[in-house]
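Protein chains in written order, with full-length UniProt numbering: chain F, 1 to 646; chain L, 1 to 646.
The beta-carbon is built from N, C-alpha and C at its ideal position, and this holds for glycine as well.
Worksheet: the structure to be examined is printed underneath.
2 protein chains.
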Amino acid sequence: MNTENTGKKDERNLYLKNEDLDVAVSKYLGILSSKTTHRKSRMQSVTEAQGWVTAEPVFGKISSPYYNASAMDGICVDAMNMIGVDERNPKTLIKGRDFNFVDTGDVINDPYNAVVMIEDVMIQNDEQVSINGPVALWQHVRPIGEDIVAGELIIPAYHRVRPIDLGALLAGGITSIEVMEKPSVGIIPTGTELVEAGEHMSIGKIIDSNTHMFAGLVKEYGGLPNRYPPVRDDYELIKKAITTAVTENDVVLISAGSSAGTEDYTRRLIEELGEVVIHGVAIKPGKPVVLGIIEGKPVIGIPGYPVSAYFVFEGFVKPVILEYNHQANAEGMTIKAILSKRLMSTLKYLEFVRMKCGRVNNVFVATPLDRGAGVTMSLVNADGILKIPKNVEGYEAGAVVELTLMRSPEEIENTLVSIGSHDVLMDVLANIIHKNRGMVNLSSAHVGSLGGIMAIKKGECHFAPIHLLDEETGIYNLPYLKRYLKEQDVVLIKGVKRTQGFIIPKGNPKKIKGIGDLTRKDVSLVNRQRGSGTRVLLDYLLKKNGIDAKDILGYTREMNTHMMVASAVKSGSGDVGVGVLSAANMMGLDFIPIGDEEYDFAILRDNLKDPRVQIFINVLKSQEFKDDLIQLGGYGFENPGEIINP
Amino acid sequence: MNTENTGKKDERNLYLKNEDLDVAVSKYLGILSSKTTHRKSRMQSVTEAQGWVTAEPVFGKISSPYYNASAMDGICVDAMNMIGVDERNPKTLIKGRDFNFVDTGDVINDPYNAVVMIEDVMIQNDEQVSINGPVALWQHVRPIGEDIVAGELIIPAYHRVRPIDLGALLAGGITSIEVMEKPSVGIIPTGTELVEAGEHMSIGKIIDSNTHMFAGLVKEYGGLPNRYPPVRDDYELIKKAITTAVTENDVVLISAGSSAGTEDYTRRLIEELGEVVIHGVAIKPGKPVVLGIIEGKPVIGIPGYPVSAYFVFEGFVKPVILEYNHQANAEGMTIKAILSKRLMSTLKYLEFVRMKCGRVNNVFVATPLDRGAGVTMSLVNADGILKIPKNVEGYEAGAVVELTLMRSPEEIENTLVSIGSHDVLMDVLANIIHKNRGMVNLSSAHVGSLGGIMAIKKGECHFAPIHLLDEETGIYNLPYLKRYLKEQDVVLIKGVKRTQGFIIPKGNPKKIKGIGDLTRKDVSLVNRQRGSGTRVLLDYLLKKNGIDAKDILGYTREMNTHMMVASAVKSGSGDVGVGVLSAANMMGLDFIPIGDEEYDFAILRDNLKDPRVQIFINVLKSQEFKDDLIQLGGYGFENPGEIINP
């Protein structure tokens with residue numbers, strides 16, 4: 001706990017404003033450009049210039065080609081001697097006197113001034129040929145400077161050098177060019193709770209990962225990252241770090257810890273050492289950004305939550321770095337997609353929502369990922385970003401929205417979209433598919449089995465992993481297809497049997513024996529979310545045993561995956577969780593089985609023809625898949641990949 | 001001249017086939033994958049892993065957050081103690097016994113299991129607060145593993161690591177990962193005519209620039225370039241170089257000289273040392289590619305013309321490198337554009353045409369650039385590539401075509417399109433605009449003044465530089481607008497006066513005094529293309545002087561720019577050229593003036609409002625523009641940038 005925090009809320013963020021993103025960026029860049037002194041340039045060898053930005057226009061030094069060159073394989077001749085030659089008046093030529101053989105690229109010199117293609121030459125012997133057509137002056141001769149004329153522009157100033165530019169520059173006789181120095185970006189991690197990656201981890205500590213992400217993004221956008229060691233939450237220490245970083249760099253980033261205290265330091269320190277231009281922008285996540293200037297240099301305070309940090313970097317640091325080298329801030333590729341579910345947003349902020357996207361039934365369908373600012377994996381797994389403008393309260397399901405892509409359209413085209421129940425085996429499937437079957441990817445959203453069935457109904461996914469027990473018949477899955485998807489032609493791809501049960505700490509300290517123990521006052525449950533098959537199973541068992549959910553401590557504590565349930569038990573914040581054996585095994589926990597269930601995949605029959613689905617089915621049937629699951633434990637196999645008609 | 005060439009065409013390219021590009025690529029990759037042995041991997045520090053491709057899936061080692069953490073600033077409490085609290089039954093809490101202050105990110109430990117936001121807390125003093133609402137178990141607490149659960153997948157195998165992945169990997173406790181070794185690509189320049197960049201240049205020599213472009217492209221696509229010194233056209237020397245390169249690399253590229261001889265060596269050598277899979281693909285440029293395998297490694301012979309070399313690299317080497325690291329061969333961004341002129345192609349090849357593209361009157365208009373395989377600058381200047389399929393004989397003007405972009409759509413959006421006459425000053429304008437006016441670019445196509453007027457008529461450009469003398473009135477430009485553009489509301493932006501004349505070698509060795517000397521048998525002219533204002537001027541003067549063009553040697557030798565004319569004179573392949581003084585000055589040549597003319601810009605009145613055009617006009621009015629032209633010499637100024645109504 002932060003000892004400096006006295007709980008007096010009046011001291012917090014007094015100056016927090018709510019500027020619009022565009023306004024904030026142009027205001028900040030405007031003030032910066034009025035204060036920033038001349039940018040540095042340097043000479044760079046052309047062969048090492050790729051990715052650098054020219055400081056001056058580059059003009060050719062020599063012409064290319066450097067001489068009149070044959071554009072064909074053939075013979076070179078003097079066109080003036082060939083006047084009057086045609087089919088009726090062929091002419092015989094003597095080698096060395098009237099012609100010479102030339103290859104493409106050979107020099108054409110006095111007395112020769114034209115080339116006849118070898119196909120139009122009748123060869124009599126090595127020394128003598130004849131031609132029977134007219135020859136124009138300079139025909140089939142590449143003139144000097146056809147490509148580049150000495151003195152002409154090759155590439156302009158402020159141009160980012162590409163491999164094809166290297167070729168043209170060298171051909172134009174240029175061996176070094178003046179380029180803009182890359183801006184050095186000082187990155188200061190702050191926060192008493194930070195530890196460096198690889199250092200010993202303990203409760204209350206956070207691994208500093210954001211500043212390494214910043215370093216990567218700085219490189220990507222053409223800067224040189226210069227990361228400093230973490231500084232603890234001490235006003236004077238942070239002040240010293242900022243002063244040093246401003247002296248040593250062109251741009252300075254202060255990465256806040258996730259506590260409000262450090263953000264506050266940033267604002268106060270920039271105010272003391274320079275000027276705060278903006279504190280607080282109407283974006284979500286990322287609101288508490290601090291945009292400052294010290295000694296004419298941009299100094300930016302970035303919030304600690306990783307997703308906020310990413311959007312603040314993209315929104316503010318990226319344009320600053322690009323502007324430094326006069327590069328345009330390109331928007332990136334976008335696609336239009338159909339929103340699979342209603343998505344509400346606040347009117348107060350421009351919100352960045354991470355989205356999964358796939359092409360299902362020939363339309364792109366987009367589904368929001370976790371919106372928490374702390375969930376880095378929502379960025380890693382995102383296919384695109386949906387920007388919901390300020391003053392827009394959201395979009396209805398079915399709306400056409402525009403996504404800024406985080407992956408190539410080809411990758412999205414090649415993605416199998418699974419929406420439904422979570423099981424550890426989905427990771428196993430994703431890996432085998434991605435690794436062995438070319439360029440196909442599997443993307444899973446975990447919304448529970450019933451959510452998966454709804455996704456099939458709405459055409460949002462290629463298939464839905466489900467495990468739903470019909471209480472009346474005791475049959476898994478098929479009755480649900482008949483009940484909820486009777487208007488669709490839907491089948492089941494057979495998956496696996498898996499063992500569900502109670503996940504408990506190693507050694508079972510609370511001596512839990514079965515479902516009856518859930519109502520004990522000293523036992524706290526970790527549950528799964530409504531709509532998940534595991535929740536359906538638990539509720540079925542509670543009903544069968546006459547237990548009222550209200551009597552269970554933690555019944556309302558819902559997790560979205562088996563691994564999160566196991567993780568909560570492992571950490572001691574719950575005494576018992578419901579989940580699969582494989583998750584307990586992976587976490588090194590004990591397990592009380594409550595039954596086996598069928599984990600299958602619902603799919604529209606039409607989609608079985610999709611070659612990506614065929615790949616998926618082949619993986620289900622593969623020995624590799626079985627071997628991997630046997631290693632995890634808790635699975636049984638009866639013809640996985642088989643198609644079952646309801 | 002290549003001494004090995006005896007002119008016996010039967011020896012050449014006996015095995016040249018005409019495979020389709022797609023067929024050739026998949027056949028080659030297929031055979032390669034059946035022969036290539038297991039690819040290497042290595043451990044890489046996460047902080048240095050950006051851009052590398054994972055060899056194995058990466059699973060989290062520790063959970064993130066690592067502990068139950070407060071998601072809000074506020075107080076932590078035991079929810080079990082708060083049962084029954086509401087507005088009518090507020091509860092007073094004592095610090096240290098019932099609650100503690102917490103910041104976002106702080107640890108929530110026994111006995112606390114919920115957080116109340118600071119906004120919902122009534123602070124009585126530092127030691128005592130009260131609340132008046134219900135508290136749910138674990139509310140506002142980020143559970144352990146909310147982001148990453150130990151054991152769960154972070155990134156799959158064969159995933160190219162991005163900055164956001166670095167953040168997630170480090171947060172998941174990963175400090176090093178297994179990545180694919182980047183393929184080492186050996187690059188062998190061959191050709192007796194090659195010199196290294198920076199070495200002394202002489203007639204008959206070519207600077208080896210292609211292999212440096214290859215090195216740049218190899219880096220861009222994730223390989224490690226390994227360029228060898230140039231090898232002259234000697235069978236045994238090239239054989240030795242290939243053998244060494246195959247031993248030392250994963251992929252080998254043999255860059256041919258532009259002569260047919262070296263290409264032939266490549267095929268024969270690969271055949272001797274391994275196997276030629278394909279020789280000859282139905283693409284233009286790039287047909288004579290050789291795709292071979294030696295010791296299970298891809299060995300590719302690339303033709304010497306730079307543009308052919310580029311498309312062969314993109315078509316064959318890129319997929320080989322990407323395949324090595326299991327990366328998909330993304331197509332790149334495309335846009336639809338209107339073709340500005342008829343474009344014919346051969347039925348026998350898939351042709352790659354370099355195109356300029358701009359948004360004029362709200363539609364994208366695409367115009368082909370020089371189609372010669374030797375014109376590197378057509379690649380440097382290209383905005384996109386139009387692929388004309390085999391068996392398609394071309395497209396009519398006005399057809400909607402798809403371009404694969406070479407620049408970002410933003411860059412194309414921000415480009416001013418000029419089509420018309422050439423003058424050295426267009427380079428000057430392009431530079432000032434690009435450098436001083438933000439992100440706006442000027443793109444010029446040189447089709448002559450009359451071509452420019454046609455481009456205005458068809459809406460292909462923003463403006464057209466023209467200098468057209470009306471023979472009857474002696475007035476420049478305005479009469480042409482009235483004659484050819486009477487249906488459009490078109491105006492003239494005033495440009496500059498410039499001096500035209502005869503460009504002659506330094507010292508005037510042939511004692512040329514004026515137009516009368518053009519008919520001398522010992523004088524060879526370098527002319528400009530039909531439709532150019534300079535050609536119109538020359539023809540006007542010839543007519544006035546009663547000279548028949550047929551009597552002029554070289555009258556049909558047409559160049560597209562002033563600089564190419566000057567370059568031809570400089571090289572001695574012509575005795576006199578027509579062009580502007582500035583071009584003669586830049587080449588250090590002598591000059592006989594024949595008259596001053598008006599070089600202005602025709603533009604639709606509507607386009608004057610375009611902010612990009614406003615920037616152009618401001619540059620015309622600037623002192624910087626004048627200063628640059630004064631330095632070139634041969635220009636006069638009378639209100640440049642003024643708008644003249646016809």
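Short CB-CB distance (under 9 Å) between residue i and chain F
i       : result
I419(L) : no
P65(L)  : yes
P409(L) : yes
E152(L) : yes
L518(L) : no
H279(L) : no
Any C-beta of chain L under 9 Å from that of residue i
i              : result
V43(F)         : Checking the sequence shown, residue 43(F) turns out to be Met, not Val. Output row for M43(F): interface = no.
residue 648(F) : Nothing in the structure corresponds to residue 648(F), since chain F is present only between 1 and 646.
G7(F)          : Any reading at G7(F) is ruled out, since the residue's pLDDT is 40, under 50, leaving its predicted position unreliable.
D165(F)        : yes
P57(F)         : yes
T175(F)        : yes
G198(F)        : yes
R142(F)        : yes
Y599(F)        : no
E331(F)        : yes
P111(F)        : no
M122(F)        : no
Closer than 9 Å at the beta carbon, the chain F residues around residue i
i       : result
V290(L) : Within 9 Å Cβ-Cβ: nothing; V290(L) doesn't reach chain F, min ~16 Å.
S255(L) : Those do not exist, as S255(L) stays about 11 Å from chain F at its closest Cβ, beyond 9 Å.
Under the three-state DSSP convention, the category residue i falls into
i       : result
D383(F) : coil
Q50(L)  : coil
K8(F)   : In this prediction, K8(F) scores a pLDDT of 41, lower than 50, which makes its location untrustworthy; the coordinate-derived value is nonetheless stated afterwards. Looking at K8(F) - three-state DSSP - the assignment turns out to be coil, as it is neither helix nor strand.
F502(F) : strand
Y476(L) : strand
R528(L) : strand
A309(F) : helix
Y67(L)  : coil
Contact set between residue i and chain F, taken where Cβ atoms lie within less than 7 Å
i       : result
K219(L) : Q50
R557(L) : L137, W138
L379(L) : I164
K506(L) : Result: empty, since nearest Cβ-Cβ is about 15 Å, beyond 7 Å.
Contacts of residue i in chain L (Cβ-Cβ under 7 Å)
i       : result
T36(F)  : Residues of chain L passing the Cβ test: none, with the nearest at roughly 15 Å.
S345(F) : Correct list: empty, because the minimum Cβ distance to chain L is about 19 Å.
Neighbouring residues, chain L, relative to residue i (Cβ below 8 Å)
i       : result
A568(F) : P143, I144, G145
Neighbouring residues, chain F, relative to residue i (Cβ below 8 Å)
i       : result
S573(L) : N68, N113, W138, P143, I144
Interfacial residues, the segment 207-241 of chain L to chain F, with Cβ spacing under 7 Å: So the close ones are I207, S209, N210, H212, M213, G216, L217, K219, E220.
Residues within the segment 420-435 of chain L neighbouring chain F, beta-carbon criterion of under 7 Å: In summary, the residues of the segment 420-435 of chain L whose CB is separated from some CB of chain F by less than 7 Å are D427, A430, N431, H434, K435, in the order they occur in the chain.
Residues from the segment 441-473 of chain L in contact with chain F, defined by Cβ distance under 7 Å: Taken residue by residue, none of the segment 441-473 of chain L has a beta-carbon sitting less than 7 Å from a beta-carbon on chain F.
Three CB pairs or more closer than 8 Å across the segment 185-192 of chain F and the segment 276-283 of chain F: By the Cβ criterion, the segment 185-192 of chain F is not in contact with the segment 276-283 of chain F, since fewer than three pairs of Cβ atoms, one from each stretch, lie closer than 8 Å.
At least three beta-carbon pairs within less than 8 Å, the segment 413-431 of chain L to the segment 617-634 of chain L: A contact exists between the segment 413-431 of chain L and the segment 617-634 of chain L.
Three or more C-beta pairs below 8 Å linking the segment 609-616 of chain F and the segment 524-536 of chain F: No: fewer than three Cβ pairs fall under 8 Å.
Contacting positions in the segment 354-388 of chain L - beta carbon closer than 8 Å to chain F: Cβ contacts with chain F: G372, G374, V375, T376, M377, L379, V380.
Three CB pairs or more closer than 8 Å across the segment 397-414 of chain F and the segment 321-330 of chain L: Output reads yes: the segment 321-330 of chain L touches the segment 397-414 of chain F.
Chain L contacts from the segment 531-559 of chain F (Cβ-Cβ distance under 9 Å): If you check each beta-carbon in the segment 531-559 of chain F against every beta-carbon of chain L, the ones closer than 9 Å belong to L553, G554, T556, R557, M559.
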